[in-house]
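Enquirer: My questions will all concern the structure given below.
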Amino acid sequence: MTPTDTPPTDVPADVQPPLRRALTTRLLFLFILGDVLGAGVYVLVGQMASESGGAVWVPMLAALCLALLTAASYAELATKYPRAGGAAHYAHLAFGPFPGFLTGFCMLAAGTVSVATLTRAFAGDYLGAFVTVPPAAVAIAFPFALALLNARGIAESMRANAVATVIEVGGLVLIIALGAWVVLRGDGDPSRLADLGAEEGGGPAAAVLGGVVLAYYAFGGFETSVNLAEETHDPRRSYPRALFCALGAAGLLYGLVAVVASTAVPTERLVESSGPLLEVVHAAGGVPDRLFSFIALVAVANGALLTGIMTSRLTYGMARDGLLPSFLTRVLPRRRTPWAAIIVTTALSMCLALTGDVATLASTMVMLLLFVFAVVNATVLVLRRDPVARDHFRVPALVPVLGVASCALLATQVEREVWLRGLPLIAAGVLLGIGAEFRRRRRAGAAPAAGAAGTAV
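In structure tokens, the structure reads:
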């Protein structure tokens, strides 16, 4: 064997090579923007109007500001610890295995609830433009179809996502143009933009906070991008830039959509419609209902597909680490996709979709994310005691403090029905976490015993 053929002796055989750093700032920006620009704005504008009145843009702006607080904390952690794992990994470093597991489980539960939310949205007025189908039938058939695509393979799913992202962005741009046309021809009512408050009253502050809980759902998705920091060129510079620019671009699009929808369509019509942006199309005229309904359905399906992929892979990963039952690690022999995790998460989404409406399910997802985001913000403060050699993005200590406070404030706006739906999910996570911790300690205790037995022999 020549010297060049000799394997390196300083790298253990069981150590895997690091992930390839292939993502530029631009590619990371496009990924985050595509993840954030989901279907929430297509279905929740009317729900926000019922809480905040015609000034829908106000809770949108407030939700963006609150999301940026937590995004800043994610930027510090992702550049300080640039590796896959996300919030669960950070919580494990700061607080230990059990809080880390519970944080990961809440992310998993939030994803499952999000798929159920989008399933209910798919069954609304947008689908009604083509066919009348009972919501219960959609709650079964829609997740099942997504599960088949998910199980077919990640490459096929990502190709479908690339096409769908272009379509859904085009749909939002179309709505902005149609709404602007309604205003320019004099058929809009800009005075509605200052109408802050629902009919039942409660004051402007209550109106804003009620709408923010729903608007927060529309900005969800940025938190999953931390798993890509390990694969990004110079994450210290690229990740914060891509993250903040993507959130800013999404906020601009959402804000413009909220402004034109409220200006072009009476608030009452937005509230009553399960396809509120379709009302903008009606007000403008010239665009067939079925064309925009198709765009909206693609957006909803794409959001559900991406979330389903993330949820099934997170379930598989936690099971592989011994944190969930081992049967969830089973994969299809040829496709190499986690079929057991896909089946279980899809079944849970079906059950949730059969028992909740869009607003309640969206608020439940936000409630679970608020727990995760509060942990992430607190983690930033705790891990300040853990200096690292690499240079990383750093936020003022006030930012994560405000992030925790914002999560607590929004949690006070979560309705009782939402708590009753979300708390059992958290309780299930606690029980599973206790079981995982028990198994971990039992394995840790068995290892020294096995070593002692080997020494005695």
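Quick note, in our numbering, the sequence shown goes up one by one and the last residue is 587.
Don't be surprised by glycine CBs; every beta carbon is placed ideally from N, CA and C.
1) Closest to residue 518 by C-alpha separation, out of 311, 160, 536, 212, would be which residue?
2) Could you have a look at residue 262 and say whether DSSP puts it in helix, strand or coil?
3) Identify which residue in 334, 503, 442, 575 has its Cα closest to the Cα of residue 477.
4) If residue 437 sits next to residue 449, beta carbons under 8 Å apart, how far is it from one beta carbon to the other, in whole angstroms?
5) Contact between the stretch 459 to 471 and the stretch 261 to 270 is defined here as three or more beta-carbon pairs at a separation below 8 Å; is this criterion met?
6) Counting only runs that start and end within the stretch 401 to 489, where is the alpha helix (DSSP H) found for 4 or more residues in a row?
7) Use the C-beta contact count for residue 553: other C-beta atoms within 10 angstroms, 16 or more gives buried, fewer gives exposed.
8) With three or more C-beta pairs closer than 8 Å as the rule, is the stretch 248 to 262 touching the stretch 497 to 504?
9) At the level of alpha carbons, what is the spacing between residue 242 and residue 236?
10) If I follow the unbroken alpha helix (DSSP H) through residue 253, where does it start and stop?
11) According to the neighbour-count rule (16 or more other Cβ atoms, all chains shown, within 10 Å of its Cβ), is residue 260 buried or exposed?
12) Within the same chain, show all residues whose beta-carbon is closer than 7 Å to that of residue 189, passing over the 5 residues directly before and after it, in chain order.
13) Can you tell me which of 279, 368, 268 puts its alpha carbon nearest to the alpha carbon of residue 158?
14) In terms of residues, what are the limits of the alpha helix (DSSP H) holding residue 367?
15) From the DSSP output, in three-state form, read off residue 206 for me.
16) Hey, quick one: how far does the alpha helix (DSSP H) through residue 345 stretch, first residue to last?
17) When burial is assigned at 16 or more other CB atoms within 10 Å of the CB, is residue 560 buried or exposed?
18) Can you grab the Cα-Cα spacing for the pair residue 454 / residue 386, in whole Å?
19) Using a 10 Å radius around the Cβ and a threshold of 16 neighbouring Cβ atoms, would you call residue 250 buried or exposed?
20) Going by DSSP in three states, residue 185 sits in which element: helix, strand or coil?
21) Anyone know if the C-beta pair for residue 544 and residue 510 falls short of 9 Å?
22) Do residue 167 and residue 295 have their C-beta atoms within less than 9 Å of each other?
Expert: With the given structure in hand:
1) For the purposes of this step, residue 518 is identified with residue 388 of the sequence shown, where counting begins at 1. Of the candidates 311, 160, 536, 212, the one whose C-alpha sits nearest the C-alpha of residue 518 is 212.
2) Working through the sequence shown from its first residue, we reach residue 262 at position 132. Three-state DSSP puts residue 262 in coil, outside helix and strand.
3) Mapped onto the sequence shown, residue 477 falls at position 347. Residue nearest to residue 477 within the set 334, 503, 442, 575 is 442 (criterion: CA-CA distance).
4) Position 307 of the sequence shown, counting from 1, holds the residue named residue 437. Position 319 of the sequence shown, counting from 1, holds the residue named residue 449. The pair is not a contact, with the Cβ atoms about 19 Å apart (cut-off 8 Å).
5) No: the two stretches stay apart, fewer than three of their Cβ pairs being nearer than 8 Å.
6) Qualifying alpha helix (DSSP H) stretches, in chain order: 406 to 414, 419 to 450, 469 to 484.
7) As a working mapping, residue 553 is identified with position 423 in the sequence shown. It is exposed - the Cβ of residue 553 has fewer than 16 other Cβ atoms within 10 Å.
8) The way I'd put it, the stretch 497 to 504 doesn't touch the stretch 248 to 262; fewer than three beta-carbon pairs between them come closer than 8 Å.
9) What you label residue 242 is simply residue 112 of the sequence shown in a count that begins at 1. What you label residue 236 is simply residue 106 of the sequence shown in a count that begins at 1. Cα-Cα distance, rounded: 10 Å.
10) Within the sequence shown, residue 253 is the residue found at index 123, counting from 1. For residue 253, there is no enclosing alpha helix (DSSP H), as DSSP gives it neither H nor E.
11) Start at 1 with the first residue of the sequence shown, and residue 260 comes out as number 130. Looking at its Cβ environment, which holds fewer than 16 other Cβ atoms inside 10 Å, residue 260 is exposed.
12) What you label residue 189 is simply residue 59 of the sequence shown in a count that begins at 1. Its chain contains 178, 182, 338, 341, 342, 345 as the residues whose beta carbon lies nearer than 7 Å to that of residue 189, once the 5 sequence neighbours on both sides are disregarded; these appear in chain order.
13) One-based indexing of the sequence shown puts residue 158 at position 28. Minimum Cα-Cα distance from residue 158 among the listed residues 279, 368, 268 corresponds to 368.
14) Counting from 1 along the sequence shown, the entry for residue 367 is found at position 237. Residues 365 to 394.
15) Reading the sequence shown from its first residue, position 76 is the one you call residue 206. Three-state result, residue 206: helix.
16) Taking the first residue of the sequence shown as position 1, residue 345 is located at position 215. 333 to 348 is the extent of the alpha helix (DSSP H) around residue 345.
17) To locate residue 560, count along the sequence shown from 1; it is residue 430. Exposed: under 16 other Cβ atoms inside 10 Å.
18) Residue numbering aside, residue 454 sits at position 324 when the sequence shown is read from its first letter. Residue numbering aside, residue 386 sits at position 256 when the sequence shown is read from its first letter. Going from the Cα of residue 454 to the Cα of residue 386 covers about 43 Å.
19) Reading the sequence shown from its first residue, position 120 is the one you call residue 250. Buried is the call here.
20) Your numbering for residue 185 matches position 55 in the sequence shown. Residue 185 falls in the coil class under three-state DSSP.
21) On the sequence shown, position 414 is the one that residue 544 refers to. On the sequence shown, position 380 is the one that residue 510 refers to. No, Cβ-Cβ distance for residue 544 and residue 510 is not below 9 Å.
22) Walking along the sequence shown from the start, residue 167 turns up at place 37. Walking along the sequence shown from the start, residue 295 turns up at place 165. Yes.
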